[in-house]
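As C-alpha cells, the structure follows; a few thoughts come after it.
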Amino acid sequence: MLGNIVTGCSVLAPAGMLAELSNGLGVTIHAAGLLITFGAIVLCVGSPVTAWLTSRFERRALLTATLLVLALTNAASAFAPDYDSLLIIRLMMLAVGVLYTPQAAGTAALIVPVEKRGSTIAYIFLGWSLAAAIGLPLITFIASRYGFRVTYGAIALTGLVSCLLLWWRLPGGLHGAPVDLRTWADLGRNPTVILLLSITTLQMSGQFVVFTFMGPLLGKLTGANADAVGIVFALYGIFGFVGIAIATRIVDSWGAWKTSVLFTVLLLAGVAGWALSAGAYALMAASVAVWGSALRPPIRCSRCVWLARRRRSRRHRSRSTPRCCISARRSARRSVDCCSRANGSTARAMWPRPWSRRPLQSWS
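Counting in the numbering used here, the sequence shown runs from 6 upward without gaps.
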C-alpha cells in the first residue's frame, strides 16, 4: 500500500502545486498543467506495453526497482534546473512508475491464500485513495511553505523508505503468468468493454480538465490561499471513501446499474454546483465533496456489470472447460468482487477478511 501512496503522489503531485511550479520555473499555469497532460498520455500508452514487456520478471526485483526509480526521479525533479528538464524527468518517472500498481496487485495474489486475495488487493489499492485524501493536501501544504523542490524531495524520501521496506518484507522468487497480447485483442473486440471504456474515458477526461487546475481556479475565483485549497483536495479524497462505502451498502439491493445511475447524477450535480457557485468558496468546496463522493462508484459498478455479462456469456462453455480453469475464473471473480467491496471503506481494507460471492451473483 505504501508503494501505491508513493506512486499516487508522484502522479498527482503537480495538481497540488501548480502555482509553485509556475512561479519557480518561470512558466505559465497552462505550461505547468502540461506536466499532468503529458504524464497522462504516458500512463495510458505505457501501462499495457510495460505490463507485457516485464511480465516475465521476478516480482520483488521488479517492484523494488520501480520504487527506486520513482524515488530517484522525484529526487532529480527537486534539482531540475528548468521546465524542460522537469518535463523529461516526469515522463521517465511515469513510464516506469506505471508498472507498480498492476504488478503489486498481481503479486499480492501470489502470496496470500485464495480467500484473502480480494481484501489484500483492496488494501493495496487503498494507497491511491490515501494519496488523494492525504497526500495531495500535504503536497499543497508543503509546496506553499517550502516550494516544489522540497515537496519532490519529501516524495523521494518516502519512495526510498517504501523501496527498502518492500525489499525487506516481500519474498523472492515470485513470478506471474506472462501477458499474452491476444488478451488485449480479445478485449478490444468485446463491445461491452469498449462501451464501458468509452463511458469511463468521457467521464474521467471531463472531470480532470477541471481537477488539474482546481487550485489556481479556487485562488482566482475565491481568493483561497494554499491551506484553503488543501482543504478542498482533502474533501475530494475523503468523500471518495464515503461514496464507495455508500455504494457498497446499496448495490446489493439496487443493483449495479441503478447504483451507477445514482452516482452519475451526483457527479453531474457536483460538477454543475462547482460551475454555478463560482466565486463562493464554501459552495465550491461543498460541490467538490459531492463530486468526489460520486467519482469512483460508477466506475466500479461498470466493471461489475461487465464481469456479470462475461460470466453469463461463458456459462454455455462450462461443461467443456477443464475444472482447473473454472476454479481460476471463480477465484478471479471473487478477488475482483472483494476488491470492489473492500476498497469501499478504510476499515474493511485495514482488516482483510473473506467475502461472500453473493453480491456478484445478485448483479448477474
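Glycine included, every Cβ here is placed at the ideal spot set by N, Cα and C.
Here the alpha carbon of residue 272 sits roughly 19 Å from the alpha carbon of residue 286. If you look at residue 264, you'll find it in the alpha helix (DSSP H) that goes 261-281. Residue 244 is positioned such that its CB atom lies closer than 9 Å to that of residue 294.
Beta-carbon to beta-carbon, residue 297 and residue 248 are separated by about 7 Å, close enough to satisfy the 8 Å threshold. Each of 169, 235 and 31 was checked against the Cα of residue 221, and the nearest Cα belongs to 235. For residue 22, the secondary structure class from DSSP, reduced to helix, strand or coil, is coil. With respect to the C-alpha of residue 130, the residue from 257, 55 and 105 having the closest C-alpha is 105.
Residue 11 is a Cβ neighbour of residue 163, given a cutoff of 9 Å. Short of 6 Å from the beta carbon of residue 288, and not among the five residues preceding or following it, lie these beta carbons of its own chain, in chain order: 282.
Given a length threshold of 4 residues, each whole run of the alpha helix (DSSP H) inside the region 109-181 is given here in chain order: 122-135, 141-151 and 153-174. In chain order, 235, 238 and 239 place their CB closer than 6 Å to the CB of residue 142, counting only its own chain and leaving out the 5 sequence neighbours on each side. CA-CA distance, residue 134 to residue 30, rounds to 29 Å. The continuous stretches of alpha helix (DSSP H) do not include residue 62, and DSSP gives it neither H nor E. In the three-state scheme derived from DSSP, where H, G and I count as helix and E and B as strand, residue 194 is classed as coil. Ranking 195, 147, 180 and 140 by CA distance to the CA of residue 241 puts 140 first. Counting C-beta pairs closer than 8 Å gives three or more between the region 80-97 and the region 32-48, which meets the contact rule. Excluding five sequence positions before and after residue 19, the CB atoms of its chain that fall closer than 7 Å to its own CB belong to 26, 37, 40 and 41, given in chain order.
A buried status is given to residue 64, since no fewer than 16 other beta-carbon atoms sit within 10 Å of its beta-carbon. Excluding five sequence positions before and after residue 153, the CB atoms of its chain that fall closer than 6 Å to its own CB belong to 22, 25, 26 and 29, given in chain order.
About 4 Å separates the Cβ atoms of residue 80 and residue 161, confirming a contact at the 8 Å cut-off. Taken through DSSP and simplified to helix, strand or coil, residue 78 comes out as helix. Spatial neighbours of residue 53 in its own chain (CB-CB distance under 7 Å, excluding positions within 5 residues in sequence) are listed in chain order as 189.
Here residue 53 carries a helix assignment [DSSP, helix/strand/coil]. Note on geometry: alpha-carbon atoms of residue 120 and residue 175 lie some 20 Å from one another. Per DSSP, reduced to three states, the secondary structure at residue 295 is helical. Nearest in C-alpha terms to residue 172, of all of 17, 71 and 59, is 71. Annotated as proximal: residue 270 and residue 299, with beta-carbon spacing under 9 Å. Judged by their CB atoms, residue 15 and residue 75 are nearer to each other than the 9 Å cut-off. C-alpha of residue 8 to C-alpha of residue 59: approximately 18 Å in a straight line. Straight-line measurement puts the Cα of residue 210 at about 26 Å from the Cα of residue 157.
A check of alpha carbon separations from residue 168 across 102, 50 and 268 identifies 102 as the nearest. The beta carbon of residue 92 is closer than 7 Å to those of 40 and 43 in its chain, skipping five residues each way along the sequence.
Counting along the chain, the unbroken alpha helix (DSSP H) around residue 101 starts and ends at 88-102.
Straight across, the Cα-Cα distance linking residue 196 with residue 179 is about 35 Å.
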